[in-house]
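Residue numbers (this note's numbering): 71 to 467. Report on the following structure.
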Amino acid sequence: MEAFAYRIMQTGYSNSLFFSWGMLLAFAAVVVFLVKPKFRMGRAAYFSVMGLCILFFGMRYFIDGFFQDAVKNDYLFKLVLGSYSCLTIGAVLLGLASAARSNDAYGHWKNWFLGFIPLVSLVLLFKSPLEPGKPGFSRVAVNILLIVLGLFLFGSGRMLVVLTDLDSRQTAGNAQNDPEFQKKAERYELQNRGVNGWLQEVVKTIHTPEKIDWATVMSSAKVDGDTLRFVYEVAYGSSAYSQIWKNQKTYELCKMPAFANLMEAGGTIEKKYLGEQGMLLGEARANTQLCGPFLAGIAKDAQEIISGWHESVPINDETTWTNIEYRDDLLIVYFEKKGNGERVDTDSVLYKLCGNDLSRKIMDFGVDARVVTGTSEKVEIGTDTVPNVDCTYWIAE
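Pasting the structure below:
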(Lines of atoms letter the chains of each structure in order from A and count residues from 1; the text may use other names and numbers.)
(Lines give C-alpha, C1' and ligand atoms only; values in the text may rest on other atoms or scores of the structure.)
Protein backbone atom coordinates (compact mmCIF):
# COMPACT_ATOMS: atom_id res chain seq x y z
CA MET A 1 0.00 0.00 0.00
CA GLU A 2 2.89 2.37 0.73
CA ALA A 3 4.34 1.87 -2.76
CA PHE A 4 0.89 2.48 -4.29
CA ALA A 5 0.52 5.66 -2.23
CA TYR A 6 3.97 6.80 -3.37
CA ARG A 7 2.93 6.30 -6.98
CA ILE A 8 -0.23 8.37 -6.45
CA MET A 9 1.77 11.20 -4.89
CA GLN A 10 4.38 11.17 -7.67
CA THR A 11 1.66 11.16 -10.32
CA GLY A 12 0.04 14.09 -8.58
CA TYR A 13 3.29 16.07 -8.60
CA SER A 14 3.96 15.39 -12.29
CA ASN A 15 0.36 16.12 -13.34
CA SER A 16 -0.54 18.82 -10.85
CA LEU A 17 -3.08 20.57 -13.10
CA PHE A 18 -5.14 17.42 -13.56
CA PHE A 19 -4.98 16.43 -9.90
CA SER A 20 -5.78 19.89 -8.58
CA TRP A 21 -8.58 20.87 -10.98
CA GLY A 22 -9.50 17.81 -13.02
CA MET A 23 -10.18 15.57 -10.04
CA LEU A 24 -11.76 18.45 -8.16
CA LEU A 25 -14.25 18.97 -10.98
CA ALA A 26 -14.85 15.23 -11.36
CA PHE A 27 -15.71 14.72 -7.68
CA ALA A 28 -18.07 17.69 -7.72
CA ALA A 29 -19.74 16.69 -11.01
CA VAL A 30 -20.62 13.21 -9.78
CA VAL A 31 -22.24 14.52 -6.59
CA VAL A 32 -24.07 17.43 -8.25
CA PHE A 33 -25.55 15.24 -11.01
CA LEU A 34 -26.66 12.65 -8.47
CA VAL A 35 -28.17 15.14 -6.01
CA LYS A 36 -29.44 17.83 -8.44
CA PRO A 37 -29.80 20.36 -5.58
CA LYS A 38 -33.06 22.28 -5.31
CA PHE A 39 -32.12 24.59 -2.45
CA ARG A 40 -30.81 28.12 -2.96
CA MET A 41 -27.84 29.95 -1.49
CA GLY A 42 -27.28 33.69 -1.26
CA ARG A 43 -24.06 35.47 -2.13
CA ALA A 44 -22.83 35.95 1.45
CA ALA A 45 -23.46 32.33 2.38
CA TYR A 46 -21.80 31.18 -0.86
CA PHE A 47 -18.74 33.31 -0.10
CA SER A 48 -18.51 31.73 3.35
CA VAL A 49 -18.69 28.19 1.90
CA MET A 50 -16.03 29.11 -0.68
CA GLY A 51 -13.78 30.13 2.21
CA LEU A 52 -14.43 26.78 3.90
CA CYS A 53 -13.51 24.97 0.66
CA ILE A 54 -10.29 26.98 0.40
CA LEU A 55 -9.50 25.91 3.96
CA PHE A 56 -9.96 22.23 3.02
CA PHE A 57 -7.74 22.67 -0.04
CA GLY A 58 -5.14 24.39 2.14
CA MET A 59 -5.34 21.51 4.61
CA ARG A 60 -4.68 19.11 1.76
CA TYR A 61 -1.65 21.15 0.72
CA PHE A 62 -0.45 21.24 4.33
CA ILE A 63 -0.81 17.45 4.69
CA ASP A 64 1.16 16.91 1.47
CA GLY A 65 4.01 18.86 3.06
CA PHE A 66 4.69 15.85 5.30
CA PHE A 67 5.44 13.67 2.25
CA GLN A 68 9.13 13.10 2.99
CA ASP A 69 8.53 12.29 6.65
CA ALA A 70 5.68 9.93 5.67
CA VAL A 71 7.97 8.06 3.27
CA LYS A 72 10.64 7.65 5.94
CA ASN A 73 8.24 6.58 8.69
CA ASP A 74 5.86 4.38 6.69
CA TYR A 75 2.62 6.32 7.01
CA LEU A 76 2.40 7.50 3.40
CA PHE A 77 -0.85 5.64 2.70
CA LYS A 78 -2.51 7.36 5.65
CA LEU A 79 -1.18 10.71 4.45
CA VAL A 80 -2.59 10.14 0.94
CA LEU A 81 -5.92 9.08 2.44
CA GLY A 82 -6.08 12.28 4.51
CA SER A 83 -4.95 14.44 1.59
CA TYR A 84 -7.52 13.18 -0.87
CA SER A 85 -10.24 13.20 1.79
CA CYS A 86 -9.70 16.96 2.12
CA LEU A 87 -9.76 17.32 -1.65
CA THR A 88 -12.99 15.31 -1.93
CA ILE A 89 -14.79 17.14 0.88
CA GLY A 90 -13.76 20.53 -0.49
CA ALA A 91 -14.81 19.60 -4.04
CA VAL A 92 -18.21 18.24 -2.97
CA LEU A 93 -18.94 21.29 -0.80
CA LEU A 94 -17.98 23.69 -3.58
CA GLY A 95 -20.01 21.75 -6.15
CA LEU A 96 -23.18 21.69 -4.05
CA ALA A 97 -22.76 25.34 -3.00
CA SER A 98 -22.20 26.41 -6.63
CA ALA A 99 -25.32 24.51 -7.70
CA ALA A 100 -27.33 26.19 -4.93
CA ARG A 101 -25.95 29.63 -5.90
CA SER A 102 -26.87 28.87 -9.53
CA ASN A 103 -30.43 28.09 -8.37
CA ASP A 104 -30.54 31.44 -6.59
CA ALA A 105 -29.03 33.44 -9.48
CA TYR A 106 -30.32 31.65 -12.60
CA GLY A 107 -33.27 29.58 -11.44
CA HIS A 108 -31.52 26.24 -12.15
CA TRP A 109 -28.45 24.34 -10.89
CA LYS A 110 -26.83 23.69 -14.28
CA ASN A 111 -24.40 26.64 -14.08
CA TRP A 112 -22.67 25.08 -11.05
CA PHE A 113 -19.44 24.56 -13.03
CA LEU A 114 -18.85 28.33 -13.09
CA GLY A 115 -17.69 28.03 -9.49
CA PHE A 116 -14.68 25.99 -10.63
CA ILE A 117 -13.42 28.38 -13.30
CA PRO A 118 -10.91 30.98 -12.01
CA LEU A 119 -12.17 34.58 -12.35
CA VAL A 120 -15.37 33.40 -14.05
CA SER A 121 -16.45 32.13 -10.63
CA LEU A 122 -16.79 35.81 -9.62
CA VAL A 123 -19.77 36.03 -11.95
CA LEU A 124 -21.50 33.29 -9.98
CA LEU A 125 -20.50 34.95 -6.71
CA PHE A 126 -21.79 38.46 -7.54
CA LYS A 127 -24.82 37.61 -9.72
CA SER A 128 -27.92 39.11 -8.18
CA PRO A 129 -30.57 36.66 -6.95
CA LEU A 130 -33.73 36.22 -9.04
CA GLU A 131 -35.82 36.71 -5.91
CA PRO A 132 -34.14 39.26 -3.61
CA GLY A 133 -34.80 38.74 0.11
CA LYS A 134 -36.54 41.29 2.29
CA PRO A 135 -34.12 43.95 3.58
CA GLY A 136 -33.65 44.28 7.30
CA PHE A 137 -31.08 44.73 10.05
CA SER A 138 -30.94 41.04 10.94
CA ARG A 139 -30.37 40.07 7.31
CA VAL A 140 -27.58 42.63 6.90
CA ALA A 141 -25.97 41.49 10.18
CA VAL A 142 -26.06 37.83 9.14
CA ASN A 143 -24.56 38.66 5.73
CA ILE A 144 -21.77 40.68 7.34
CA LEU A 145 -21.07 37.81 9.74
CA LEU A 146 -20.94 35.33 6.84
CA ILE A 147 -18.58 37.56 4.86
CA VAL A 148 -16.25 38.00 7.86
CA LEU A 149 -16.31 34.24 8.42
CA GLY A 150 -15.54 33.68 4.74
CA LEU A 151 -12.58 36.07 4.89
CA PHE A 152 -11.25 34.30 7.98
CA LEU A 153 -11.55 30.90 6.28
CA PHE A 154 -9.94 32.21 3.10
CA GLY A 155 -7.07 33.64 5.11
CA SER A 156 -6.59 30.44 7.12
CA GLY A 157 -6.47 28.31 3.99
CA ARG A 158 -4.02 30.65 2.33
CA MET A 159 -1.84 30.77 5.44
CA LEU A 160 -1.55 26.96 5.40
CA VAL A 161 -0.30 27.14 1.82
CA VAL A 162 2.26 29.85 2.62
CA LEU A 163 3.59 28.02 5.69
CA THR A 164 3.82 24.77 3.75
CA ASP A 165 5.69 26.45 0.89
CA LEU A 166 8.25 27.92 3.29
CA ASP A 167 8.85 24.55 4.92
CA SER A 168 8.80 22.61 1.62
CA ARG A 169 11.56 24.74 0.10
CA GLN A 170 13.81 23.84 3.01
CA THR A 171 12.97 20.13 3.15
CA ALA A 172 13.11 19.70 -0.64
CA GLY A 173 16.70 20.87 -0.62
CA ASN A 174 17.56 18.29 2.05
CA ALA A 175 15.86 15.37 0.29
CA GLN A 176 18.82 14.64 -1.97
CA ASN A 177 21.09 14.44 1.07
CA ASP A 178 18.74 12.28 3.13
CA PRO A 179 19.86 8.64 2.65
CA GLU A 180 16.90 7.23 4.58
CA PHE A 181 14.39 9.03 2.35
CA GLN A 182 16.30 8.16 -0.82
CA LYS A 183 16.43 4.48 0.13
CA LYS A 184 12.69 4.28 0.79
CA ALA A 185 11.82 6.28 -2.33
CA GLU A 186 14.07 4.07 -4.45
CA ARG A 187 12.42 0.95 -3.02
CA TYR A 188 8.94 2.25 -3.92
CA GLU A 189 10.10 3.17 -7.42
CA LEU A 190 11.38 -0.38 -7.88
CA GLN A 191 8.09 -1.86 -6.70
CA ASN A 192 6.07 0.40 -8.98
CA ARG A 193 8.21 0.31 -12.12
CA GLY A 194 9.79 -3.12 -11.83
CA VAL A 195 13.54 -3.68 -11.98
CA ASN A 196 13.92 -3.13 -15.72
CA GLY A 197 11.73 -0.02 -15.75
CA TRP A 198 13.61 1.50 -12.84
CA LEU A 199 17.00 0.72 -14.40
CA GLN A 200 15.94 2.39 -17.64
CA GLU A 201 15.30 5.58 -15.66
CA VAL A 202 18.62 5.27 -13.80
CA VAL A 203 20.61 4.89 -17.02
CA LYS A 204 19.14 8.15 -18.33
CA THR A 205 20.90 9.97 -15.47
CA ILE A 206 24.33 8.43 -16.25
CA HIS A 207 26.38 10.34 -18.79
CA THR A 208 29.19 8.54 -20.59
CA PRO A 209 32.04 8.62 -21.25
CA GLU A 210 33.06 9.55 -17.70
CA LYS A 211 36.66 9.79 -16.57
CA ILE A 212 37.29 7.78 -13.39
CA ASP A 213 41.04 8.33 -13.01
CA TRP A 214 44.05 9.02 -15.17
CA ALA A 215 43.86 5.58 -16.80
CA THR A 216 40.19 4.55 -16.54
CA VAL A 217 37.11 5.78 -18.38
CA MET A 218 33.56 4.48 -17.94
CA SER A 219 32.62 4.07 -21.58
CA SER A 220 29.04 2.82 -21.26
CA ALA A 221 26.21 2.01 -18.88
CA LYS A 222 23.47 -0.19 -20.31
CA VAL A 223 20.49 -2.21 -19.15
CA ASP A 224 20.15 -5.85 -20.14
CA GLY A 225 16.94 -7.23 -18.66
CA ASP A 226 17.38 -6.91 -14.90
CA THR A 227 21.13 -6.24 -15.16
CA LEU A 228 22.84 -2.86 -15.00
CA ARG A 229 26.13 -3.26 -16.84
CA PHE A 230 29.02 -0.79 -16.62
CA VAL A 231 31.92 -1.03 -19.06
CA TYR A 232 35.28 0.58 -18.27
CA GLU A 233 38.22 1.07 -20.62
CA VAL A 234 41.67 1.02 -19.04
CA ALA A 235 44.58 2.64 -20.85
CA TYR A 236 47.67 0.47 -21.09
CA GLY A 237 45.78 -2.54 -19.69
CA SER A 238 47.46 -5.61 -21.11
CA SER A 239 47.09 -8.42 -18.54
CA ALA A 240 44.10 -10.01 -16.83
CA TYR A 241 43.32 -9.03 -13.26
CA SER A 242 43.89 -11.47 -10.41
CA GLN A 243 41.36 -13.45 -8.38
CA ILE A 244 42.15 -11.12 -5.50
CA TRP A 245 41.00 -8.19 -7.61
CA LYS A 246 37.77 -10.01 -8.45
CA ASN A 247 37.19 -10.78 -4.76
CA GLN A 248 37.70 -7.15 -3.85
CA LYS A 249 35.47 -5.84 -6.61
CA THR A 250 32.72 -8.38 -5.84
CA TYR A 251 32.84 -7.47 -2.15
CA GLU A 252 32.66 -3.79 -3.05
CA LEU A 253 29.56 -4.33 -5.22
CA CYS A 254 27.85 -6.57 -2.66
CA LYS A 255 28.34 -4.00 0.12
CA MET A 256 27.59 -0.85 -1.89
CA PRO A 257 24.50 0.87 -0.35
CA ALA A 258 23.54 2.44 -3.71
CA PHE A 259 22.77 -1.02 -5.12
CA ALA A 260 21.17 -2.62 -2.05
CA ASN A 261 17.53 -2.00 -3.06
CA LEU A 262 18.18 -3.09 -6.63
CA MET A 263 19.65 -6.41 -5.54
CA GLU A 264 16.88 -6.98 -3.00
CA ALA A 265 14.42 -6.58 -5.88
CA GLY A 266 16.25 -9.22 -7.93
CA GLY A 267 18.52 -7.01 -10.00
CA THR A 268 22.17 -7.56 -10.90
CA ILE A 269 25.13 -5.17 -11.06
CA GLU A 270 27.94 -6.00 -13.44
CA LYS A 271 31.23 -4.23 -14.10
CA LYS A 272 33.55 -5.08 -17.00
CA TYR A 273 37.06 -3.72 -17.49
CA LEU A 274 38.57 -3.70 -20.97
CA GLY A 275 42.21 -3.09 -21.82
CA GLU A 276 44.13 -2.66 -25.04
CA GLN A 277 42.30 -3.75 -28.20
CA GLY A 278 39.19 -4.59 -26.18
CA MET A 279 40.89 -7.29 -24.10
CA LEU A 280 38.80 -8.37 -21.10
CA LEU A 281 40.88 -7.58 -18.02
CA GLY A 282 38.32 -8.58 -15.43
CA GLU A 283 34.63 -8.53 -14.55
CA ALA A 284 32.60 -8.74 -11.38
CA ARG A 285 28.90 -9.32 -10.78
CA ALA A 286 26.70 -8.92 -7.72
CA ASN A 287 23.15 -9.97 -6.85
CA THR A 288 21.48 -11.63 -3.88
CA GLN A 289 22.18 -15.13 -5.19
CA LEU A 290 25.89 -14.41 -5.57
CA CYS A 291 26.49 -12.11 -2.61
CA GLY A 292 24.91 -14.35 0.05
CA PRO A 293 27.28 -17.32 -0.45
CA PHE A 294 30.20 -15.00 -1.24
CA LEU A 295 29.95 -13.02 2.01
CA ALA A 296 29.25 -16.18 4.03
CA GLY A 297 32.34 -17.76 2.52
CA ILE A 298 34.46 -14.75 3.49
CA ALA A 299 33.24 -14.99 7.09
CA LYS A 300 34.01 -18.72 7.24
CA ASP A 301 37.45 -18.34 5.68
CA ALA A 302 38.25 -15.34 7.86
CA GLN A 303 37.42 -17.26 11.05
CA GLU A 304 39.66 -20.14 9.96
CA ILE A 305 42.51 -17.74 9.19
CA ILE A 306 42.10 -15.89 12.49
CA SER A 307 42.27 -19.18 14.36
CA GLY A 308 46.00 -19.09 13.58
CA TRP A 309 46.44 -15.97 15.73
CA HIS A 310 48.15 -16.92 19.00
CA GLU A 311 49.93 -13.96 20.56
CA SER A 312 50.24 -10.20 20.72
CA VAL A 313 52.58 -8.49 18.26
CA PRO A 314 54.70 -5.48 19.29
CA ILE A 315 54.55 -2.67 16.75
CA ASN A 316 56.94 -0.28 18.51
CA ASP A 317 57.89 0.72 22.04
CA GLU A 318 54.45 2.24 22.69
CA THR A 319 52.09 0.13 20.60
CA THR A 320 51.12 -3.54 20.73
CA TRP A 321 48.80 -5.39 18.34
CA THR A 322 46.70 -7.30 20.89
CA ASN A 323 43.89 -9.03 18.98
CA ILE A 324 42.16 -9.56 15.64
CA GLU A 325 38.64 -10.72 14.82
CA TYR A 326 36.16 -10.80 11.94
CA ARG A 327 32.67 -9.65 12.89
CA ASP A 328 29.76 -7.92 11.12
CA ASP A 329 31.63 -8.05 7.77
CA LEU A 330 34.55 -6.17 9.32
CA LEU A 331 38.13 -7.11 10.02
CA ILE A 332 38.61 -5.59 13.48
CA VAL A 333 42.12 -5.15 14.86
CA TYR A 334 42.87 -4.02 18.40
CA PHE A 335 45.89 -2.04 19.48
CA GLU A 336 47.07 -1.12 22.95
CA LYS A 337 48.77 2.25 23.21
CA LYS A 338 51.07 3.57 25.91
CA GLY A 339 52.44 7.05 26.37
CA ASN A 340 50.36 10.15 25.56
CA GLY A 341 47.15 8.25 24.76
CA GLU A 342 46.95 9.16 21.05
CA ARG A 343 45.32 6.72 18.64
CA VAL A 344 47.44 4.60 16.34
CA ASP A 345 48.30 6.19 12.98
CA THR A 346 45.97 4.50 10.47
CA ASP A 347 48.46 4.48 7.61
CA SER A 348 51.04 2.72 9.75
CA VAL A 349 48.45 0.17 10.82
CA LEU A 350 47.40 -0.64 7.27
CA TYR A 351 51.01 -1.09 6.25
CA LYS A 352 51.48 -3.51 9.15
CA LEU A 353 48.25 -5.39 8.43
CA CYS A 354 49.12 -5.84 4.77
CA GLY A 355 52.55 -7.11 5.73
CA ASN A 356 51.08 -9.74 8.06
CA ASP A 357 50.26 -13.07 6.40
CA LEU A 358 47.10 -13.70 8.45
CA SER A 359 45.46 -10.29 8.10
CA ARG A 360 46.45 -9.89 4.47
CA LYS A 361 44.72 -13.15 3.53
CA ILE A 362 41.50 -11.70 4.93
CA MET A 363 41.97 -8.30 3.34
CA ASP A 364 42.56 -9.93 -0.03
CA PHE A 365 38.79 -10.49 -0.03
CA GLY A 366 38.40 -6.71 -0.16
CA VAL A 367 36.86 -6.36 3.29
CA ASP A 368 36.63 -3.19 5.36
CA ALA A 369 39.06 -2.81 8.27
CA ARG A 370 38.32 -1.20 11.63
CA VAL A 371 41.22 -0.10 13.83
CA VAL A 372 40.41 0.14 17.54
CA THR A 373 42.96 1.84 19.81
CA GLY A 374 42.86 1.51 23.58
CA THR A 375 45.04 1.95 26.65
CA SER A 376 46.45 -0.74 28.91
CA GLU A 377 43.56 0.07 31.27
CA LYS A 378 41.10 -0.93 28.46
CA VAL A 379 39.98 2.66 27.86
CA GLU A 380 39.15 3.18 24.21
CA ILE A 381 41.00 6.11 22.63
CA GLY A 382 39.59 6.03 19.11
CA THR A 383 38.23 4.00 16.21
CA ASP A 384 38.97 4.35 12.49
CA THR A 385 37.29 2.41 9.68
CA VAL A 386 38.95 2.03 6.29
CA PRO A 387 36.74 0.65 3.50
CA ASN A 388 37.84 -1.99 0.99
CA VAL A 389 41.53 -2.10 1.91
CA ASP A 390 43.78 -2.67 -1.10
CA CYS A 391 47.00 -4.25 0.14
CA THR A 392 48.59 -4.02 -3.30
CA TYR A 393 48.72 -0.25 -2.79
CA TRP A 394 50.07 -0.41 0.77
CA ILE A 395 52.78 -2.95 0.00
CA ALA A 396 53.81 -0.94 -3.08
CA GLU A 397 54.08 2.12 -0.89
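For glycine and all other residues, C-beta sits at the position ideal for the given N, C-alpha and C.
Every alpha helix (DSSP H) stretch that sits fully inside the stretch 137 to 178 and reaches 4 residues is listed by chain position as 137 to 143, 146 to 176. Exclusion of the five residues before and after TRP315 leaves GLY352 as the residues of its chain whose Cβ lies within less than 8 Å of its Cβ. Listed in chain order, the non-local C-beta contacts of GLU395 below 7 Å within the same chain comprise ILE376, ILE402, local neighbours out to five positions each way being set aside. When only Cα atoms are considered, PHE136 and VAL442 end up about 41 Å apart. Separation of the CB atoms of VAL212 and GLY128 is rounded to 25 Å, and the pair is thereby denied contact status at 8 Å.
Considered as a whole, the stretch 316 to 346 harbours 330 to 334 as its complete alpha helix (DSSP H) runs of no fewer than 4 residues, in chain order. ALA372 has no beta-bridge partner at all, per DSSP. With fewer than 16 other beta carbons inside 10 angstroms of its own, PRO188 counts as exposed. Following the DSSP letters along the chain, one finds TYR396 inside the beta strand (DSSP E) bounded by residues 389 to 397.
Exclusion of the five residues before and after PRO363 leaves no residue of its chain whose Cβ lies closer than 6 Å to its Cβ. Judged by DSSP in its simplified three-state form, VAL383 adopts strand.
For LEU351, the enclosing beta strand (DSSP E) starts and ends at 350 to 356. Exposure of GLY425 is indicated by the presence of fewer than 16 other C-beta atoms within 10 angstroms of its C-beta. Comparing C-alpha distances from TYR343 to each of HIS178, ARG228, ILE282 shows the shortest one belongs to ILE282.
The beta carbon of LYS253 sits closer than 7 Å to the beta carbons of ASN331 from its chain, once the five residues preceding and following it are set aside; these are given in chain order.
Looking at the DSSP output, ILE402 sits in a beta bridge with GLU395, ARG440.
The beta-carbon distance between PHE117 and LEU216, rounded to whole angstroms, is 7 Å. This is short enough to meet the 8 Å contact definition. Assignment of beta-bridge partners to LEU423 by DSSP yields no partner. Residue pairing from DSSP places MET288 in a beta bridge opposite GLU280, TYR302. With a 10 Å radius around the Cβ and a threshold of 16 neighbouring Cβ atoms, ALA255 comes out buried.
Checking the DSSP bridge columns, you'll see LYS180 has no partner listed. Less than 8 Å divides the Cβ of SER290 from the Cβ of THR278.
In the three-state scheme derived from DSSP, where H, G and I count as helix and E and B as strand, LYS407 is classed as strand.
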